[in-house]
Structure formats: C-alpha cells, structure tokens
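As structure tokens, the structure follows; a few thoughts come after it.
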Amino acid sequence: MADKRKYVIPGDVVTTGPFRPEQNVILDGNKIISTTIGISEIYDDSVRVIPLTGKYIPKINDLVIGKVNSHTSLSWELDINSCYVGFLPAQDVFGRDFSAHADELATKLKTGDLVAARIANFDRTRDPLVSISDRDLGKIDSGDLIAISPSKVPRLIGKKGSMIQMIEEATNAAVTIGQNGWVVVSCESPEGLLKAKKSIQMVNEQAHVANLTDQVKEMLDKKGES
Amino acid sequence: MGGREATMVLMDENGKRCDGRTVDEPRRIMIKAGGLKNADGSSYIEFGDNKILVGVFGPRDVHPKHMSDTDTGILRVRYHMEPFSVGERKNPAPSRREIEISKVIKEALEPAVMLEKFPRTAVDVFIEVLQADGGTRCAALTAASVALADAGIPMRDMVAAIAAGKVADTVILDVNNEEDQAGQADMPIGYMPSLEKITLLQLDGVLTPEEYKKCVQVGVDGCKLVYELQKKALNDKYFGNKGD
Chain A
191 MADKRKYVIP
201 GDVVTTGPFR
211 PEQNVILDGN
221 KIISTTIGIS
231 EIYDDSVRVI
241 PLTGKYIPKI
251 NDLVIGKVNS
261 HTSLSWELDI
271 NSCYVGFLPA
281 QDVFGRDFSA
291 HADELATKLK
301 TGDLVAARIA
311 NFDRTRDPLV
321 SISDRDLGKI
331 DSGDLIAISP
341 SKVPRLIGKK
351 GSMIQMIEEA
361 TNAAVTIGQN
371 GWVVVSCESP
381 EGLLKAKKSI
391 QMVNEQAHVA
401 NLTDQVKEML
411 DKKGES
Chain B
131 MGGREATMVL
141 MDENGKRCDG
151 RTVDEPRRIM
161 IKAGGLKNAD
171 GSSYIEFGDN
181 KILVGVFGPR
191 DVHPKHMSDT
201 DTGILRVRYH
211 MEPFSVGERK
221 NPAPSRREIE
231 ISKVIKEALE
241 PAVMLEKFPR
251 TAVDVFIEVL
261 QADGGTRCAA
271 LTAASVALAD
281 AGIPMRDMVA
291 AIAAGKVADT
301 VILDVNNEED
311 QAGQADMPIG
321 YMPSLEKITL
331 LQLDGVLTPE
341 EYKKCVQVGV
351 DGCKLVYELQ
361 KKALNDKYFG
371 NKGD
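For the record, the sequence lines run as chains A and B. Heads up: the first sequence begins at 191 in our numbering, then just goes up one per residue. Heads up: the second sequence begins at 131 in our numbering, then just goes up one per residue.
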C-alpha cells in the first residue's frame with residue numbers, strides 16, 4: 191500500500207527508479223517528477239500525486255452535477271464547473287424517436303436546472319458528452335447546491351464512502367456528490383440541512399487535516415445535543 | 131538604457147554596492163502564494179522595492195474563439211505597470227516595453243507549463259506591477275510561476291528568475307534600478323531548478339566571454355535561492371510549512 195507520503199510541489203523529485211508514472215507525475219530519465227502541488231504516494235510499482243488544487247478535468251464515467259446553460263434544438267449545454275462544457279444530446283432524454291420538430295427541449299430541462307449526469311465520452315478532440323439515462327441520474331428537483339474544490343471531492347467521500355455515509359446518517363440528508371466539486375444536499379429537516387452543509391464546508395476547508403473524520407463526527411454530535 | 135556614465139558610486143572600496151549589499155547578495159525577497167479570491171491562482175511578491183501581484187485564470191474557454199488551438203492549450207500573459215508604480219506617472223496604456231515583457235515572460239513560462247493536457251483552452255496570467263525598482267521582469271516571472279502552481283496548472287518545474295549583471299567591472303547578482311541605469315550590463319535569467327534548464331536569458335550591455343559565463347553561473351545560483359523561497363511560499367499555503 192501507499193507508503194512514504196510526501197508533500198510535493200511542481201518540479202519536486204518524488205522518487206527515482208523503475209516505477210510507472212500515474213497521475214500528475216512525469217518521467218524524466220529515471221527521476222519521477224511531480225507536476226502539481228499535492229501529496230505523493232508510492233505503490234509497489236507505480237507513483238501518483240494526489241492534487242490539492244486545480245480545476246475539474248472530465249473523466250469517463252464520472253458522476254457530475256451540471257447546470258443547464260442553454261440549449262439548441264438538438265442538445266443542451268451544461269456547465270460542469272470545468273474548462274469544457276458538457277454536451278447533452280436530446281436523444282438521451284426523449285429517446286430514439288426524438289424529432290427536432292415535434293419535441294421542445296425546454297419542456298424537459300430549462301436554463302438553470304440542475305442535473306445529475308454521467309460523463310459518457312470524452313477525449314481531447316471534443317467536448318465531454320454527458321448522459322442522464324441511468325438510474326439516479328436526471329433532473330434534480332430539490333436541494334441546495336454547494337460548490338467545493340474538485341480536488342477535495344475524494345476527501346468528502348472518504349475511504350469507501352465513510353465520510354459521506356457518516357454525514358448522511360447523522361443528519362438524515364441525501365447528498366449527491368459530483369466529481370466536479372458540486373454537491374447537492376437535500377434534507378427534510380432544516381437543522382439537518384444546515385448541519386450537513388456545514389460539515390461539507392468543513393471538509394472543504396480542512397481537507398488536509400489528519401483525523402478529519404473524527405472532527406466532523408464531533409461537530410455533528412455536538413450540534414445534535416443542543 | 132539611459133546614460134552609461136557611472137556618475138554615482140556603484141561599488142565602494144570595500145566591495146559594498148550602492149545599497150550596501152555584497153556582490154552576490156540578492157535583495158530581500160518575500161513571496162506569498164494565494165490571496166486573490168476570484169482568481170484560480172494568485173501570488174504576491176516583494177523583491178527589494180518591487181511589489182508585484184499576479185492572478186491566474188484557467189484553463190478556461192478561449193475568447194475570441196479563433197485564438198484557440200485544437201492541439202494544445204494556449205498561454206496568455208499580460209504584464210502591466212500601474213500608473214503609480216514609478217516616480218513619474220506612467221500612462222496605463224500598454225507600452226512597447228510592456229508588450230515585450232509580456233511576450234518574454236510568456237515564452238519563459240511555456241517550457242514549464244504542460245498545456246497540451248488541455249486542448250482548446252487558455253490559461254491567462256495577469257501581472258500587475260504595483261511598485262517598480264529594477265528587475266521587475268524577473269520578479270514577475272518568479273511570481274507568475276508560483277501563481278500557476280497555485281492554480282493547479284500542471285508544470286514540469288517551477289521557473290525561478292533573477293538578474294545578474296556587471297557594475298564597476300564586477301559581476302554582481304540581482305541588479306537594482308540604479309545599477310541597471312548606470313551599470314555596464316544587465317542579464318535577466320529564468321531557470322528551472324529541477325530540470326536544470328534556462329528558459330529566459332536576455333542581455334543588455336557588453337560582456338567578455340569569460341564575464342558572460344560567470345554572469346550565467348551567478349544568475350543560475352541566484353535562481354536556486356529564489357526557488358527555495360517559491361517552495362516555501364507554496365509549502366506555507368498548502369501544508370502549513372510542514373513540507374520539506
């Protein structure tokens with residue numbers, strides 16, 4: 191497993207030797223150099239750096255929260271908090287018998303609507319293609335949107351979802367986390383909603399703290415008593 | 131630039147320079163990463179009496195669209211001096227000198243930034259010189275590199291910069307305004323310390339081949355000092371100075 195965790199900045203030599211460079215590292219001769227600010231992790235045969243800053247770059251199969259920017263007669267454009275816009279074709283929503291004459295896109299999704307979507311396809315030549323035709327995907331009707339740093343999403347989820355499970359259980363809220371750093375929280379009780387939002391912000395601000403799960407738990411418990 | 135006749139004493143008999151520094155001593159340098167909320171990355175540098183603020187945006191959509199490149203991202207740099215940054219009011223419109231420095235800084239950053247990861251996007255670097263005192267291009271380049279790292283733009287290495295030069299027939303490190311005006315040569319150097327590569331090298335003045343080599347060496351050594359401070363600035367922001 192990961193050993194020798196190190197704080198690195200661009201240009202720092204993470205390690206030397208026969209390793210496979212994975213995320214955010216480059217190979218220069220036999221030196222493995224970090225390309226971003228983050229925490230380096232060395233596995234048995236590979237090296238990666240977990241970034242602490244940066245924009246969201248779409249990856250296939252990522253769940254993202256998108257906001258409808260605009261639409262043409264054939265597709266919607268989603269703001270997915272990235273340097274690229276998400277492209278949602280009308281067929282995905284209306285089915286294969288979609289007709290540009292008969293169907294009006296605004297009846298399904300309007301500008302400003304939030305959607306949970308999955309990145310269906312993305313390569314460097316085209317804008318990311320997103321899809322909402324799956325379980326748990328589609329228009330989000332209620333909830334509050336919170337924007338956190340995309341690099342802190344893994345921290346909010348925690349190991350095997352431990353962090354987010356804890357928050358959900360303690361507050362009875364339903365939390366949808368987009369890999370792009372947008373999070374939708376919905377909860378029936380206003381206190382639960384407030385608490386969940388506060389804990390998510392706390393994770394965002396203190397992502398680098400070691401025993402964050404305990405601290406968040408403490409915060410959630412304390413609020414529950416009062 | 132300006133008259134070259136050394137009317138002022140640039141180096142006294144003890145080898146001390148006009149501001150009391152030794153030949154290979156840089157000015158006081160303070161770098162801070164972050165600070166601007168609305169920018170994706172930012173930094174502030176005080177390099178002697180130079181005060182420079184840098185904001186970085188991106189990667190983001192390119193406007194106008196025809197500037198975008200389908201193969202790679204593009205880097206856009208604007209170096210700008212505030213009207214109050216110098217003694218006599220500077221016209222805020224971009225001057226010939228500012229356009230040149232913008233280009234030079236852009237080209238010095240390009241080898242470090244891995245824009246090929248973000249085709250059809252742009253990274254914008256805005257450099258505002260709040261107070262100028264000689265060597266702003268080096269200070270600006272140093273700060274821009276910190277701001278790019280702060281924005282999370284993938285980089286092969288940081289770029290550190292400092293000027294070397296020659297006054298009173300002696301090779302010196304970190305040329306200040308007086309030495310720039312009255313000295314014999316000024317050589318700004320940008321350097322990637324881990325990759326050991328030079329990304330910026332200009333020379334204004336006359337040097338012998340030996341002096342030239344010495345100047346480059348002195349400059350590269352100076353860049354390594356600057357690099358340590360860049361590292362410290364980023365460590366302070368991201369790791370609370372726990373980094374090594």
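Backbone N, C-alpha and C define an ideal beta-carbon position, used for all residues, glycine too.
{"Item": "Quick one: residues in its chain with C-beta nearer than 6 Å to the C-beta of B/Met131, no 5 flanking neighbours on either side, listed in chain order?", "Value": "Only weak support is given to the placement of B/Met131: the predicted model assigns it a pLDDT of 48, under 50, and the value that follows is read from those uncertain coordinates. Correct list: empty, nothing qualifies."}
{"Item": "Between B/Ala363 and B/Lys167, which are expected to be in contact by the criterion C-beta below 8 Å, what is the C-beta distance as a whole number of angstroms?", "Value": "Their Cβ separation, rounded to whole angstroms, is 18 Å, which puts B/Ala363 and B/Lys167 out of contact at 8 Å."}
{"Item": "Note down the Cα distance separating B/Arg261 from B/Val356, rounded to an integer number of angstroms.", "Value": "Residue identity check: residue 261 of chain B is Gln in the sequence provided, not Arg. Going by the C-alpha atoms only, they are around 19 Å apart."}
{"Item": "Given a cut-off of 8 Å on the beta-carbon distance, is the pair B/Thr251 and B/Gln360 in contact?", "Value": "no"}
{"Item": "From what residue to what residue does the beta strand (DSSP E) around A/Ser260 run?", "Value": "253-261"}
{"Item": "Quick check on this structure: which residue in A/Gln396, A/Asn370, A/Ile357, A/Gln369 has the alpha carbon closest to the alpha carbon of A/Lys385?", "Value": "A/Ile357"}
{"Item": "Would DSSP call A/Lys412 helix, strand or coil?", "Value": "helix"}
{"Item": "Quick one: what does DSSP say B/His196 is sitting in, helix, strand or coil?", "Value": "helix"}
{"Item": "Taking Cβ positions only, does A/Leu402 come closer than 8 Å to chain B?", "Value": "no"}
{"Item": "B/Gly188 touches chain A at which residues, Cβ-Cβ below 9 Å?", "Value": "Lys245, Cys273"}
{"Item": "Suppose the cutoff is 6 Å on Cβ atoms and the five residues either side in sequence are ignored; what does the same chain contact list for A/Asn271 look like?", "Value": "Tyr246, Asn370, Gly371, Trp372"}
{"Item": "In the DSSP assignment, the alpha helix (DSSP H) including B/Asp375 goes from what residue to what residue?", "Value": "In the structure displayed, chain B extends from 131 to 374; residue 375 of chain B sits before or after that span and is not available."}
{"Item": "So, for A/Asp282: in the same chain, excluding its five sequence neighbours on each side, which residues have a beta-carbon less than 7 Å away from its beta-carbon?", "Value": "Ser321, Ile322, Ser323"}
{"Item": "Output yes if chain A places a C-beta closer than 8 Å to the C-beta of B/Leu166; else output no.", "Value": "no"}
{"Item": "For B/Ile328, which residues from the same chain have a beta carbon less than 6 Å from its beta carbon, with the 5 sequence-adjacent residues on both sides left out?", "Value": "Tyr321"}
{"Item": "How big is the Cα-Cα spacing for B/Lys247 and A/Thr315?", "Value": "11 Å"}
{"Item": "Which residue comes first and which comes last in the beta strand (DSSP E) that contains B/Val255?", "Value": "251-261"}
{"Item": "Taking CB distances under 8 Å as the criterion, tell me whether B/Arg158 reaches chain A.", "Value": "no"}
{"Item": "Is there a C-beta anywhere in chain A that falls below 8 Å from the one on B/Lys354?", "Value": "no"}
{"Item": "In this structure, how does DSSP classify B/Gly150 when only helix, strand and coil are distinguished?", "Value": "coil"}
{"Item": "Would you say B/Gly373 faces chain A, with C-beta separation under 8 Å as the test?", "Value": "Interpretation of B/Gly373 is limited by its pLDDT of 47, a score under 50 that renders its predicted location unreliable; no figure is taken from the coordinates."}
{"Item": "Can you pull the DSSP bridge partners for A/Ile270?", "Value": "A/Ile270 pairs with nothing; no bridge assigned."}
{"Item": "Closer than 8 Å, CB to CB, is B/Asn365 near chain A or not?", "Value": "yes"}
{"Item": "Tell me the DSSP secondary structure of A/Tyr233 in three-state form.", "Value": "coil"}
{"Item": "What residues in its chain sit with their C-beta under 6 Å from that of B/Ile302, if we drop five residues either side in the sequence?", "Value": "Val153, Gly295"}
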